[in-house]
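Novice: From first to last, the protein sequence lines are chains A and B. In terms of my numbering, the first sequence opens at residue 386 and continues consecutively. In terms of my numbering, the second sequence opens at residue 16 and continues consecutively.
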Amino acid sequence: MGILLSLLCSLDVVAGNIAYITNQGSDSVSVLDIENKKVTHTILVGKAPVGVAIASKQKRVYISNANSQTVSVINSRTQQLLQEIPVNIQAVGIALSRDEKILYVADWGGAQVIAVDTAHPEKQKAFKAGKTPSGMLLSADNKKLFIANRDSNDVTVVDTRTLQTIAQVKVGIHPFALTLSPDGKMVFVVNVVSNSLTLLNVDSYQTSSIKTGQHPYGVAISPDGHWAYVSNNHAETVSVIEIANGKTVKTIDVGEFPEGIEYDKSTQQVVVANWGSDTVSIIDAKTNTVTNTIPSPKLCRSFGQFILEAK
Amino acid sequence: MKKIFGIIAVSLLPLIPLTAAAHGAAALRFEKTVTIKAPPAKVWALLKDFGNVQAWHSGVESTKVEQKKDENGDDTTYRTVKLKNGGTMYEKLRSIDDAGMRLKYEYILDKSTLQLSNFYPTVSVTAKGSETVVTVKGSYTRADSSNIPKPEQNDDAATKAINEYFDPGLESLKKVAESGK
């Protein structure tokens with residue numbers, strides 16, 4: 386497999402930031418050079434890849450595969466598949482500890498999360514989450530894991546030292562993806578059915594909410610913490626929301642069923658994977674307009690934080 | 016780290032199957048089109064009539080419409096579609112765009128018999144020369160979202176259910192729309 390892949394892929398190295406686009410319908414990952422707006426590699430992974438976790442120190446990218454119930458490990462220098470780790474759950478949400486030693490994989494078909502020792506992937510330990518755990522992230526100090534539980538309408542906060550639940554916070558209906566504010570103080574959670582964004586304080590667990598478009602599936606925050614970009618899965622749009630007052634300042638047309646969304650700091654662009662159109666939209670965050678639409682193989686998603694920063 | 020993995024290195028919890036219909040981990044994409052030799056307005060008039068599916072779908076016995084608050088507390092139109100084969104489909108109207116000839120609704124598994132879930136169809140009508148193209152597209156998942164789904168509720172069963180409803184439905188829509196009146 387490795388030999389085959391190295392023959393298929395060119396060996397050019399991408400200098401700038403890279404977006405890893407999971408293609409659920411073609412069991413592959415597209416490596417998108419954001420600056421040049423070009424897919425440089427296509428890597429075969431497990432079945433129905435969904436989530437992405439970036440290990441920049443390890444030079445690894447972890448991909449959750451829902452249907453093969455595995456995690457694929459990609460070398461981010463050579464863009465080759467290194468390994469496929471069986472986890473025996475419908476792997477969707479995936480996140481890494483800040484030191485990259487532990488990979489958390491959420492069990493979509495259950496109510497648990499698996500902690501995987503990245504140095505010894507056969508060492509795995511399950512711990513309790515809510516129903517249908519989805520998006521996950523680590524607090525900036527790595528002490529807390531936040532899990533969005535789609536079917537229990539809450540966020541579980543887990544002590545990363547003990548793997549015990551320390552809080553269970555009610556949010557909107559069907560929380561799915563989440564992201565952390567640049568200052569690390571706030572977790573943003575999209576609520577798919579409530580058409581809203583919950584702002585959850587990392588320390589006090591106090592919440593407030595902001596209206597989004599229809600069926601929000603992903604959220605990205607600008608580096609200055611002023612703007613939220615929300616992918617509206619059933620509206621073929623991205624909402625640009627001023628966080629301070631909750632107002633949508635612009636609604637940008639993208640492809641169908643937009644899902645994964647992330648802000649690229651180096652180019653000040655927002656990258657959105659459109660599951661329904663098999664394309665990736667690039668939005669210029671300075672003008673909030675789509676500048677490029679790049680084809681990607683079938684059913685692209687990129688759930689989670691999927692941009693690898695060059696430096 | 017050591018604390019976590021030192022004691023037990025295998026999964027502690029059993030896999031817990033969910034009874035509630037959850038979005039499948041990997042949703043499936045649905046798209047069907049039919050080309051009809053009739054004016055778009057005529058075809059759209061049939062499709063937008065949310066409480067009258069039997070007027071164009073040969074497999075439908077009756078449709079009953081009701082107004083209710085949805086999960087967000089918004090006033091919403093729901094319909095119960097009774098099929099001639101004994102099945103039931105319970106659906107929520109999401110939007111009707113009359114000018115754009117686009118209808119969006121949601122299929123709700125809890126009160127229905129077709130074994131698929133999270134089905135959000137968009138029905139659109141467009142003019143193509145002197146003909147009309149009807150497109151139904153959307154995403155859906157299997158009814159059983161657990162890690163090892165029951166055969167009657169897996170991806171294939173969901174795809175089969177959706178095809179068995181829409182294939183004859185679009186065919187009869189074409190017949191009805193192309194007929195005299």
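In this text, a Cβ means the ideal position worked out from N, Cα and C, and glycines have one as well. Computed from a prediction, not measured in an experiment: that's the story for all the values here.
#1: For the structure I just gave you, are there three or more beta carbon pairs, one from the region 112-129 of chain B and one from the region 449-463 of chain A, closer than 8 Å?
#2: When you measure from the CB of residue 92(B) to every non-hydrogen atom of the ligand ZN, does any distance come out below 7 Å?
#3: Buried or exposed for residue 467(A), going by 16 or more other Cβ atoms inside 10 Å?
#4: When you compare each of 42(B), 74(B), 63(B) to residue 451(A) by their alpha carbons, which one comes out closest?
#5: Give the residues from the region 488-502 of chain A that approach chain B closer than 9 Å (Cβ to any Cβ), ordered along the chain.
#6: Per DSSP, what kind of secondary structure is residue 63(B) in: helix, strand or coil?
#7: The region 422-449 of chain A: which residues have C-beta closer than 7 Å to a C-beta of chain B, in chain order?
#8: Run through the region 568-604 of chain A for me and flag every whole beta strand (DSSP E) of 3 or more residues, listed as ranges in chain order.
#9: Just checking: is the beta-carbon of residue 86(B) within a distance shorter than 8 Å of some beta-carbon in chain A?
#10: Looking only at its chain, what residues have a beta carbon closer than 7 Å to the beta carbon of residue 111(B), apart from the 5 residues adjacent to it on each side?
#11: For the alpha helix (DSSP H) containing residue 642(A), list its first residue and its last residue.
#12: Is the beta carbon of residue 558(A) less than 8 Å from the beta carbon of residue 578(A)?
#13: Nearest-angstrom Cα distance between residue 103(B) and residue 655(A)?
#14: Grouping DSSP H, G and I as helix and E and B as strand, with all else coil, what is residue 691(A)?
#15: Does any residue of chain A bring its CB to less than 8 Å from the CB of residue 114(B)?
#16: Which of helix, strand or coil does DSSP assign to residue 469(A)?
#17: In angstroms with no decimal places, state the Cα-to-Cα distance between residue 595(A) and residue 630(A).
#18: If you measure beta-carbon to beta-carbon, which residues of the region 158-183 of chain B are closer than 7 Å to chain A?
#19: Does chain B have any CB closer than 8 Å to the CB of residue 687(A)?
#20: With distance defined between alpha-carbon atoms, name the residue in 105(B), 49(B), 140(B), 168(B) nearest to residue 96(B).
#21: Buried or exposed: which applies to residue 618(A), given that a residue is buried once 16 or more other Cβ atoms fall within 10 Å of its Cβ?
#22: If the cut is a Cβ gap below 8 Å, which residues of chain A does residue 122(B) touch?
#23: Using C-beta distances below 6 Å, list every residue in its chain close to residue 627(A), excluding the 5 sequence neighbours before and after it, in chain order.
#24: So, using beta-carbon positions, are residue 576(A) and residue 556(A) closer together than 8 Å?
#25: Does the contact criterion of 3 or more C-beta pairs under 8 Å hold for the region 477-493 of chain A versus the region 149-157 of chain B?
#26: Check each candidate in 406(A), 423(A), 408(A) and name the one with the smallest Cα separation from residue 400(A).
#27: Closer than 8 Å, CB to CB, is residue 452(A) near chain B or not?
#28: List the residues of chain B whose Cβ lies closer than 7 Å to the Cβ of residue 642(A), in chain order.
#29: Return helix, strand or coil for residue 388(A), following the three-state DSSP convention.
#30: Below 7 Å on C-beta distance, what does residue 135(B) contact in chain A?
#31: Grab the span of the beta strand (DSSP E) containing residue 664(A) for me, first residue to last.
#32: Going along the chain, which residues of its own chain have a beta-carbon closer than 6 Å to the beta-carbon of residue 410(A), five neighbours each way excluded?
#33: Check the C-beta distance from residue 84(B) over to residue 90(B) and give it rounded, since I have them as a contact under 8 Å.
Specialist: Well, looking at it:
#1: no
#2: With respect to the ligand ZN, the structure offers nothing, as it holds no ligand at all.
#3: exposed
#4: 42(B)
#5: 492, 493, 494, 495, 496, 497, 499, 500, 502
#6: helix
#7: 433, 435
#8: 571-576, 581-586, 592-596
#9: yes
#10: 63, 118
#11: Per DSSP, residue 642(A) belongs to no alpha helix (DSSP H) and is neither H nor E.
#12: yes
#13: 43 Å
#14: coil
#15: no
#16: strand
#17: 9 Å
#18: 160, 161, 162
#19: no
#20: 105(B)
#21: buried
#22: Going along chain A, no residue has its Cβ under 8 Å from residue 122(B), so there is no contact; the nearest lies around 14 Å.
#23: 634
#24: yes
#25: no
#26: 423(A)
#27: yes
#28: 154
#29: Confidence at residue 388(A) is low in this model, with a pLDDT of 48, below 50, so its placement is unreliable and no value can be given for it.
#30: 619
#31: 664-669
#32: 683, 684
#33: 6 Å
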